[in-house]
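Notes to accompany the following structure.
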Amino acid sequence: MNLSDLTRNACMLRGSLAKKGYMRWWHSFSGVQPDTGDTRTFFIEFFVINPGLGGDQPILGQHPYYKKRGMRPSYVMVKAGVFPDAEGEGGRQLHAFYPISALKTTLNPLVMQVSDGQSGHCLYSEDKLTGFVEVTRREARHRSLMTDSGSMEWDLEVRKAVSCHTGLRAGRFFQLLNALDSYWHGEGIRSFFRGSVTLDGVSYDIIPELSYGYADKHWGRNFNRPWFQFACGKLSSQRTGGALRHSVLAISGFCPRFLWFPLRGRLMMQLTYMGEDFTFSRCKWETKETGKRFIWHILAKSKSAVVKISGSSTKAEMLQLQYESPEGKKSKIPLLAGSAGVGTIQLYRKVSGARELMDTLKLDNALCFYQKETLDRPPGT
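When you line the sequence shown up against my numbering, it's residues 52 to 432, in that order.
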């Protein structure tokens, strides 16, 4: 449902998750290069892993020193970058690592600040993002840093216009039961960003109406398997023939558990259409893969509505994002993400047992995360 909840967006890992858990606050938005008109989609993420194990140095799980001693990772990572362009070029992700001791936070509303003499200074709040990340080519050769080389600086204001509250599925009861691998809260699934980004010395203007911004949070003891997200704030209506300013689609996969056994992945979905919110938990979905594209078909139902979604993304415009789990493991299956998803949404309202087509929406510049089923899942689940 469209409900803001800053307590769920706070910096919190309770109980065992403090030493075996992660939190990630994701932001993505489009910017325009004023001299050329070139449009790119940027992302900024604050990632905290195993804070209860931290100290005055980042513990990098992929570093040979820590791996040999069986030490789990513990650090704050700021991930900044840009998705590939239409030709599949120019995508990169830049990582700055900070020790847990460098993190300063407030609870509600959340403000996070990290700074040290080497990595610089980065700030996150509910309405502002500032920071700078620079990685040299020499640093990027170290596999433990999981990074490309380059630099990115940002100074942004954020207005989060539409939220996705996932109800009981991200509540304390489900967390106490370890019912999910990962929990989701979309505080700003439709967000308006304003400011500037400088990527490798080239400046981009971030204009609210053209930013098509997205912001959410995931946390838990492991990443979802498979990992699937699809979100779009650039929707146009076939019925009216125009763009829909305050309409948005947001989908996130989740992996329920029975006791300690993982079950088949499911989807949570919200469609906000011209001020009316539709939430769905009964979703069927399938993925098709061609040589050049991933294609998704989704059918979702509620008591009052039915939604059919067909979306796709070209592989060339997706970037392989790098993470390690709270156990210090990197998946052998790539996690691909991009911002060039396209497709259609058919929205039906249920009327007297029949379906009445309300509108057909066109999707553009949709955010996509996709990682196939992992190899280590027990058979038959």
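Glycine included, each C-beta is placed from N, C-alpha and C at the ideal position. Fair warning: this is a prediction, and the values are worked out from it, not measured in the lab.
Within 7 Å, strictly: CB atoms of Gly246 and Glu208: As a first step, residue 246 must be located in the sequence shown, where it is residue number 195. As a first step, residue 208 must be located in the sequence shown, where it is residue number 157. Result yes, Cβ atoms of Gly246 and Glu208 sit closer than 7 Å.
Notebook entry, point to check: In angstroms, rounded to a whole number, what distance separates the CA positions of Ala61 and Asn273?
Noted result: The count along the sequence shown starts at 1 and reaches residue 61 at position 10. The count along the sequence shown starts at 1 and reaches residue 273 at position 222. C-alpha separation (whole angstroms): 19 Å.
Cβ neighbours of Lys71 in the same chain (closer than 8 Å, five flanking residues each side left out)
As a first step, residue 71 must be located in the sequence shown, where it is residue number 20. Result list for Lys71: Asn101, Arg123, Arg272, Pro377 and Glu378, in chain order.
Between the region 394 to 407 and the region 78 to 91, do at least 3 Cβ pairs fall closer than 8 Å?
no
Next on the checklist: DSSP three-state label for Leu370, please.
Outcome noted: Stepping through the sequence shown from its first residue, residue 370 is reached at position 319. Strand at Leu370.
| said: Contact defined as beta carbons within less than 8 Å: I believe Met52 pairs with His216. What is the distance between those atoms, to the nearest angstrom? | reply: Locating residue 52 in the sequence shown gives position 1, where the first residue counts as 1. Locating residue 216 in the sequence shown gives position 165, where the first residue counts as 1. About 5 Å; that satisfies the 8 Å criterion.
- For Gly66, which of helix, strand or coil comes out of DSSP? One-based indexing of the sequence shown puts residue 66 at position 15. In the structure shown, Gly66 sits in a helix (DSSP, three-state: H, G or I).
Q: Would you kindly work out how many angstroms separate the C-alpha atoms of Ser254 and Val248, rounded to a whole number?
A: Start at 1 with the first residue of the sequence shown, and residue 254 comes out as number 203. Start at 1 with the first residue of the sequence shown, and residue 248 comes out as number 197. Going from the Cα of Ser254 to the Cα of Val248 covers about 6 Å.
request  = Give the DSSP bridge partners of Phe134, in chain order.
outcome  = Start at 1 with the first residue of the sequence shown, and residue 134 comes out as number 83. DSSP, once it has assigned bridges, lists no residue as partnering Phe134.
Which partner residues does Ser363 have in the DSSP bridge list? Reading the sequence shown from its first residue, position 312 is the one you call residue 363. DSSP output for Ser363 lists Ile346 and Val393 as bridge partner(s).
*Nearest-angstrom Cβ-Cβ length linking Cys283 and Leu418, presumed shorter than 8 Å*: Translated into the one-based positions of the sequence shown, residue 283 becomes position 232. Translated into the one-based positions of the sequence shown, residue 418 becomes position 367. Yes, they are in contact, since the Cβ atoms of Cys283 and Leu418 sit about 7 Å apart, within 8 Å.
**Asked** Can you find at least 3 beta carbon pairs, one from the region 345 to 359 and one from the region 130 to 139, that sit closer than 8 Å?
**Response** no
DSSP-derived helix/strand/coil call for Asp56 | Within the sequence shown, residue 56 is the residue found at index 5, counting from 1. Of the three classes helix, strand and coil, the one that applies to Asp56 here is coil, per DSSP.
Are the beta-carbon atoms belonging to Ser364 and Ser81 less than 7 Å from one another? Translated into positions along the sequence shown, residue 364 becomes position 313. Translated into positions along the sequence shown, residue 81 becomes position 30. No; because the gap between Cβ atoms is not below 7 Å, this pair is not in contact.
_7 Å Cβ cutoff met for Cys173 and Val162_ = Within the sequence shown, the letter at position 122 stands for residue 173. Within the sequence shown, the letter at position 111 stands for residue 162. Not in contact: Cys173 and Val162 (Cβ atoms no closer than 7 Å).
One question on the structure: do Lys366 and Lys343 come within less than 7 Å of each other, judged by their Cβ atoms?
Reading the sequence shown from its first residue, position 315 is the one you call residue 366. Reading the sequence shown from its first residue, position 292 is the one you call residue 343. Yes, the Cβ-Cβ distance between Lys366 and Lys343 is below 7 Å.
Just grab the DSSP bridge partners of Arg128 for me.
Walking along the sequence shown from the start, residue 128 turns up at place 77. Reading off the sequence shown, one finds Met at residue 128, where the question assumed Arg. Met128 pairs with Phe98 and Phe148.
**Request:** Within its chain, find whatever has a CB closer than 7 Å to the CB of Pro430; leave out the 5 residues flanking it on each side and keep chain order.
**Result:** Here residue 430 refers to the residue found at position 379 of the sequence shown. Caution is warranted here: a pLDDT of 36 is assigned to Pro430, below 50, making its placement in the model unreliable, and the coordinate value is therefore given only provisionally. Nothing meets the Cβ criterion.
*Within the chosen definition, does the region 141 to 156 reach the region 94 to 112 through at least 3 CB pairs nearer than 8 Å?*
yes
Which same chain residues, not among the five before or five after Trp76, have their C-beta less than 6 Å away from its C-beta? For this step, residue 76 is matched to residue 25 along the sequence shown. Hits under 6 Å: Phe97 and Lys268.
Report the rounded CA-to-CA distance for Ser403 versus Val99, giving the unit in angstroms. The residue labelled residue 403 in the question sits at position 352 within the sequence shown. The residue labelled residue 99 in the question sits at position 48 within the sequence shown. Cα-Cα distance, rounded: 49 Å.
Exposure of Ala294, with buried meaning 16 or more beta-carbon neighbours within 10 Å:
Here residue 294 corresponds to residue number 243 of the sequence shown, with the count starting at 1. When all chains shown are included, Ala294 counts as exposed.
Opening and closing residue of the beta strand (DSSP E) in which Leu286 lies = Here residue 286 refers to the residue found at position 235 of the sequence shown. Here the beta strand (DSSP E) through Leu286 covers Lys285 to Ser288.
- request: Quick one: which unbroken beta strand (DSSP E) runs of 3-plus residues sit fully inside the region 182 to 244? Chain order, please.
  value: 201 to 215
Do Gly139 and Glu375 come within 7 Å of each other at the CB atom, strictly closer than that value? Indexing the sequence shown from 1 puts residue 375 at position 324. Indexing the sequence shown from 1 puts residue 139 at position 88. Not closer than 7 Å, so no.
- request: Would you check if the distance between the CB atom of Gly239 and the CB atom of Ala266 is smaller than 7 Å?
  value: Position 188 of the sequence shown, counted from the start, is the residue given in the question as residue 239. Position 215 of the sequence shown, counted from the start, is the residue given in the question as residue 266. Against a cut-off of 7 Å, the Cβ pair of Ala266 and Gly239 comes out as a contact.
Exercise. Taking all protein chains shown into account, do 16 or more other C-beta atoms lie within 10 angstroms of the C-beta of Lys125, making it buried, or fewer, making it exposed?
Worked result: Within the sequence shown, the letter at position 74 stands for residue 125. The amino acid at residue 125 is misidentified as Lys; the sequence shows Ser. With 16 or more Cβ atoms within 10 Å of its Cβ, Ser125 is classed as buried.
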